[in-house]
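Only one structure is covered here, and it is reproduced in the block below.
2 protein chains.
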Amino acid sequence: MLPDEVRSILEEMRAERIRGAGWLAMRGAEAYMILAGLLEGDELKNALREMRTEVPAVNRTMASLYNLSRFIPITGNPEVVRTKAEEFVRLAGEAKREIGNIGSELIDENEVIITHSFSSAVLEIFKAAKRKGKHFRVVLTESAPDYEGIALARELDSLGVPFEVITDAQLGLFARKATLALVGADNVTRDGAVVNKAGTYLLALACHDNGVPFYVAAESFKLHPGLTSEEVEIVERPYMRQGYRVRNLLFDVTPWRYVRGVITEFGILVPPKEI
Amino acid sequence: MLPDEVRSILEEMRAERIRGAGWLAMRGAEAYMILAGLLEGDELKNALREMRTEVPAVNRTMASLYNLSRFIPITGNPEVVRTKAEEFVRLAGEAKREIGNIGSELIDENEVIITHSFSSAVLEIFKAAKRKGKHFRVVLTESAPDYEGIALARELDSLGVPFEVITDAQLGLFARKATLALVGADNVTRDGAVVNKAGTYLLALACHDNGVPFYVAAESFKLHPGLTSEEVEIVERPYMRQGYRVRNLLFDVTPWRYVRGVITEFGILVPPKEI
Numbered sequence: 001m002l003p004d005e006v007r008s009i010l011e012e013m014r015a016e017r018i019r020g021a022g023w024l025a026m027r028g029a030e031a032y033m034i035l036a037g038l039l040e041g042d043e044l045k046n047a048l049r050e051m052r053t054e055v056p057a058v059n060r061t062m063a064s065l066y067n068l069s070r071f072i073p074i075t076g077n078p079e080v081v082r083t084k085a086e087e088f089v090r091l092a093g094e095a096k097r098e099i100g101n102i103g104s105e106l107i108d109e110n111e112v113i114i115t116h117s118f119s120s121a122v123l124e125i126f127k128a129a130k131r132k133g134k135h136f137r138v139v140l141t142e143s144a145p146d147y148e149g150i151a152l153a154r155e156l157d158s159l160g161v162p163f164e165v166i167t168d169a170q171l172g173l174f175a176r177k178a179t180l181a182l183v184g185a186d187n188v189t190r191d192g193a194v195v196n197k198a199g200t201y202l203l204a205l206a207c208h209d210n211g212v213p214f215y216v217a218a219e220s221f222k223l224h225p226g227l228t229s230e231e232v233e234i235v236e237r238p239y240m241r242q243g244y245r246v247r248n249l250l251f252d253v254t255p256w257r258y259v260r261g262v263i264t265e266f267g268i269l270v271p272p273k274e275i
Numbered sequence: 001m002l003p004d005e006v007r008s009i010l011e012e013m014r015a016e017r018i019r020g021a022g023w024l025a026m027r028g029a030e031a032y033m034i035l036a037g038l039l040e041g042d043e044l045k046n047a048l049r050e051m052r053t054e055v056p057a058v059n060r061t062m063a064s065l066y067n068l069s070r071f072i073p074i075t076g077n078p079e080v081v082r083t084k085a086e087e088f089v090r091l092a093g094e095a096k097r098e099i100g101n102i103g104s105e106l107i108d109e110n111e112v113i114i115t116h117s118f119s120s121a122v123l124e125i126f127k128a129a130k131r132k133g134k135h136f137r138v139v140l141t142e143s144a145p146d147y148e149g150i151a152l153a154r155e156l157d158s159l160g161v162p163f164e165v166i167t168d169a170q171l172g173l174f175a176r177k178a179t180l181a182l183v184g185a186d187n188v189t190r191d192g193a194v195v196n197k198a199g200t201y202l203l204a205l206a207c208h209d210n211g212v213p214f215y216v217a218a219e220s221f222k223l224h225p226g227l228t229s230e231e232v233e234i235v236e237r238p239y240m241r242q243g244y245r246v247r248n249l250l251f252d253v254t255p256w257r258y259v260r261g262v263i264t265e266f267g268i269l270v271p272p273k274e275i
């Protein structure tokens, strides 16, 4: 059994509505650090074995949770767990900064960048581009039903980046007017498919139809080494609207052929030419 | 100057949030009948000239209003106006019934039909299919921000047609699982583009990507004889969400090449092969 302190973090992660894969991975790493402060020896080993199941189960669509649970070794030594969890957090921070550097190079002067939902990796690119003195404009979706787009609007507001908020259904209308698309990912499968907030696939199609380059920003811990696009399990959170149940699969799957590149901390992954 | 009674109908039409092109055309025809009850001779002629501008201006995206304003001749004889307005209403009713007959023939047993927004022509097809004893299931979007999808859900509920409501952003996810797409139109341009609720273009792209036939139901009075897809003026109704202005262009434009056919009362219009 996992200690209550750890269980309650996993509960909090399960309940989170707005923040994405990056935040979940950071909170998961904290859960490991707390675990290392509470248990040792065989008790710790057993708990770590349980975490290999429990952490990915928080949200099966998130590769970051799967990779985190594999990054921490099964050991009785709390110091090793703490060190590895800290290393994960440090590498994640470095990865995000490097994605900002690499991704911001894609932004030309007066670019109109369309995005969907809230990705902290994409925000990092906007911050880096702003630091480099680039001028650009962002078109972002409100992202119903949880409106995490509004959280991105607030960030851009405080950065002084001009932006427009649109409804999700207008992705096609505004993709036509954009010069670049940038989205995050919760999971990039072994076959290169991008799992991200539902609607991302629609944006990719509209970009493809209008010749707008579509890029994905994803730390390498969001690449899933084992999973294919066919095997992705998509988390659902149905809700009620005026007495009717509304289906709410949180993610959709964008095939590799619509992706111009995946911006990682190691560089930009590009689909093979024959796709 | 138009009489107040007529002006207030035009105002009501302008303010309408949920009902579409068909309803607007019917209400517009009523405005002509009221006008014919109030004016005659030169006064009527002048008012009718004004209506040629005012009626299409209620919503410039709606071909039905343009066609209605051209269907009623400029005349001083109120009887002619009344007769023509009644003829428009009668033809519209016949058109809708015939679209129901023709469109329902496209529905095979156990079809899964995806739609977006609320179209009374599409509803007519569902009713006719139900009368013919066909079994099918509907996937419909809630259609943010005015949720006219919920109005369709209520209609299907009372018809006993099984359905699922989805968010607009899930159109791609559910297009994959559908076997047929049916939407309405507010305007079919001279070059065959379909102007309909924003998001329709995204559904058409997703259907194209997944080999799902995409059909449009539109009475012939929704075909615009003069307008091309480049000239369409799209009405916008921005709103506020958590302190931010949200763009809200009501319609998008789906190119002819993604349309399998337009179901009219005269039969199904099919794009030329070379597209």
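Chains as they are written, first to last, in this note's numbering: chain A, 1 to 275; chain B, 1 to 275. Glycine is no exception: its CB is placed at the ideal position from the N, C-alpha and C atoms.
Against chain B, the CB of residue 167(A) has a partner CB under 8 Å away; the residue lies at that interface. Judged by beta-carbon spacing, residue 87(B) lies beyond the 8 Å limit of residue 265(B), meaning their Cβ atoms are not closer than that value. In the three-state scheme derived from DSSP, where H, G and I count as helix and E and B as strand, residue 180(A) is classed as strand.
With contacts defined by Cβ atoms closer than 8 Å, residue 163(A) and residue 137(A) form a contacting pair.
By the Cβ criterion, the region 255-273 of chain B is in contact with the region 90-107 of chain B, since at least three pairs of Cβ atoms, one from each stretch, lie closer than 8 Å. Taking 8 Å as the CB threshold, residue 109(A) stays off the interface with chain B. For residue 172(A), the chain B residues whose C-beta falls within less than 8 Å of its own C-beta are 198, 199, 201, 202, 205, 252, listed in chain order. The alpha-carbon separation between residue 132(B) and residue 126(B) amounts to approximately 10 Å.
Assignment of alpha helix (DSSP H) within the region 55-110 of chain B, counting only whole runs of 4 or more residues, yields 63-71, 78-104 in chain order. Boundaries of the alpha helix (DSSP H) around residue 32(A): 21-38.
One thing to note: residue 155(B) has its Cβ within 8 Å of the Cβ of residue 123(B). Ranked by Cα distance from residue 128(B), the options 199(B), 89(B), 106(B) are led by 106(B).
Considering only beta carbons, no part of the region 50-82 of chain A lies closer than 7 Å to chain B. Listed in chain order, the non-local C-beta contacts of residue 62(B) below 7 Å within the same chain comprise 21, 24, 186, 187, local neighbours out to five positions each way being set aside. Chain A places a beta carbon closer than 8 Å to that of residue 249(B), counting this residue as a contact. The three-state reading of DSSP puts residue 248(B) in coil, since its state is none of H, G, I, E or B.
According to the DSSP assignment, residue 197(B) belongs to the beta strand (DSSP E) that extends over 194-197. Beyond the five residues adjoining it in sequence on each side, residue 250(A) comes within less than 8 Å, by CB distance, of 61, 197, 198, 234, 235, 236, 237 in the same chain, given in chain order.
What residue 213(A) touches in chain B, judged by beta-carbon distance under 9 Å, is nothing: the nearest beta carbon there is about 17 Å away. Listed by position along chain A, the residues whose Cβ is nearer than 7 Å to that of residue 209(B) are 205. Residue-level contact by beta carbon holds for residue 145(B) and chain A, with a gap shorter than 8 Å. Taking 8 Å as the upper bound for CB-CB distance, residue 178(B) and residue 72(B) are not in contact here, some 40 Å apart.
Of all residues in the region 149-161 of chain A, only 150, 153 come within less than 7 Å of chain B when Cβ atoms are compared, listed by chain position.
The C-beta of residue 8(B) has fewer than 16 other C-beta atoms within 10 Å across all chains shown, which makes the residue exposed. For residue 241(A), the uninterrupted beta strand (DSSP E) segment begins and ends at 239-241. A residue is called buried when at least 16 other Cβ atoms come within 10 angstroms of its Cβ; residue 110(B) does not meet this threshold and is exposed.
Residue 241(A) has a beta carbon lying within less than 8 Å of a beta carbon in chain B. The bridge partners DSSP lists for residue 165(B) are 246(A), 140(B). Residue environment: residue 254(B) is assigned as buried (16 or more neighbouring CB atoms within 10 Å of its CB, all protein chains considered).
Burial of residue 142(A) is indicated by the presence of at least 16 other C-beta atoms within 10 angstroms of its C-beta. Around the Cβ of residue 53(B), a 10 Å sphere holds fewer than 16 other Cβ atoms; the residue is exposed.
Residue 246(A) belongs to the set of residues whose beta carbon lies under 8 Å from a beta carbon in chain B. With a threshold of 8 Å between beta carbons, residue 164(B) makes contact with chain A.
Taking a 10 Å sphere around the C-beta of residue 211(B), we find fewer than 16 other C-beta atoms and assign the residue as exposed. Chain A places a beta carbon closer than 8 Å to that of residue 142(B), counting this residue as a contact.
Sequence-distant Cβ neighbours of residue 69(B) in its own chain, meaning closer than 7 Å and more than five residues away, are 51, 52, 55, 56.
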